[in-house]
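Here is the structure we will look at.
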Amino acid sequence: MKKATRLLTPALGVGLVFGAMGVSAQSETVTVESGDTYWGIAQGFDGVTTEDLVEANEYNPRAIPIGAEIKIPDGETSSDNDVVTHVIQPGNTLTNIAAVYDGVTVDDLFRLNPGIDPYSLTVGSEIVVVDYNSEFGEDYLYHTVQPGNTFNEIASVYDGVTVDDLLEANPNEDPYELTIGSRIVIPLN
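Per mature numbering (1 follows the signal peptide of the UniProt record, and there is no 0), the sequence shown runs over residues -25 to -1, 1 to 164.
Shown next, in the form of structure tokens:
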């Protein structure tokens, strides 16, 4: 990640007439180089998380193409880090949406989006792909995976938490391939 570019978007005259004050007309992008990851890119920007980058870009987090322009959302405008949404693109299916987000299944998408019709996804609409609050409530907290973390190491940091507790609370996580920047549920009881 060597090249960061600022793009200026011309403001619409209508917005200026009606006082669109405080709206940022800048968005930053990063050109992906060999070895770049969303986590590594997020580390270079204050207030930007891996989840923010996944949400703002259509690329599979496990296979970001070299040369791709990654949009960097303004860290201050990131709404709620406990909820990740996906904007429906042409050709999206629940199956390929779930495949983009580590640990998310089609069943999760149905549970988080009651009444969703998988045969009639509306381009431009948003669906919830991860909602950390709804699943676990106040009896849990979250650990963001850092380079080198293992379930054993994470469990040792929290009093009374075992590897078995982590496996039970994170059934969709592969304990042998933790994704840097992902959030692991830590049960408090």
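Just so it is clear, CB atoms sit at the ideal spot from N, CA and C, and this is done for glycine as well.
Treat the numbers as computed from the prediction; the structure is a model and nothing was measured.
Asked                                                                                                              : Found
Element boundaries [alpha helix (DSSP H), containing Val29]                                                        : Thr25 to Ala31
Cβ pair Ile45, Val75 closer than 9 Å                                                                               : no
Distance, Ile161 Cα to Asp149 Cα                                                                                   : 15 Å
Closest Cα partner of Val120 within the set Arg86, Val7 and Arg158                                                 : Arg158
Nonlocal neighbours in the same chain, by C-beta distance under 6 Å from Val59, ignoring five residues either side : Glu26, Glu30, Val104 and Val105
Distance between Val7 and Ala43 (C-alpha atoms, nearest Å)                                                         : 5 Å
Assigned secondary structure, Glu51 (DSSP; H/G/I helix, E/B strand, else coil)                                     : With a pLDDT of 45 at Glu51, under the threshold of 50, the modelled position of that residue is not reliable, and the figure given next carries that caveat. Helix.
Within the stretch 66 to 127, ranges of the alpha helix (DSSP H) (whole runs, at least 4 residues)                 : 69 to 75, 81 to 87 and 107 to 111
Contact set for Thr137: own chain, Cβ-Cβ below 8 Å, skip 5 residues either direction                               : Ala130
Strand pairing of Arg158, partner residues [DSSP]                                                                  : Thr119
Distance, Pro93 Cα to Trp14 Cα                                                                                     : 30 Å
Asn127 versus Pro36 - alpha carbon distance                                                                        : 25 Å
Backbone CA spacing between Ile39 and Val132 [nearest angstrom]                                                    : 32 Å
N-terminal and C-terminal residue of the alpha helix (DSSP H) that Val138 is part of                               : Val138 to Ala144
Delimiting residues of the alpha helix (DSSP H) encompassing Tyr34                                                 : It is not in any alpha helix (DSSP H) - Tyr34 carries neither H nor E in the DSSP assignment.
Rounded straight-line distance, which links the Cα of Leu87 to that of Pro146                                      : 17 Å
Distance, Thr24 Cα to Val102 Cα                                                                                    : The displayed chain sequence assigns Ile, not Val, to residue 102. Cα-Cα distance, rounded: 19 Å.
Cβ-based neighbour list, Leu153, same chain, cut-off 8 Å, excluding 5 preceding and 5 following                    : Val120, Asn124, Thr125, Phe126 and Ile159
DSSP state of Val5 mapped onto helix, strand, coil                                                                 : strand
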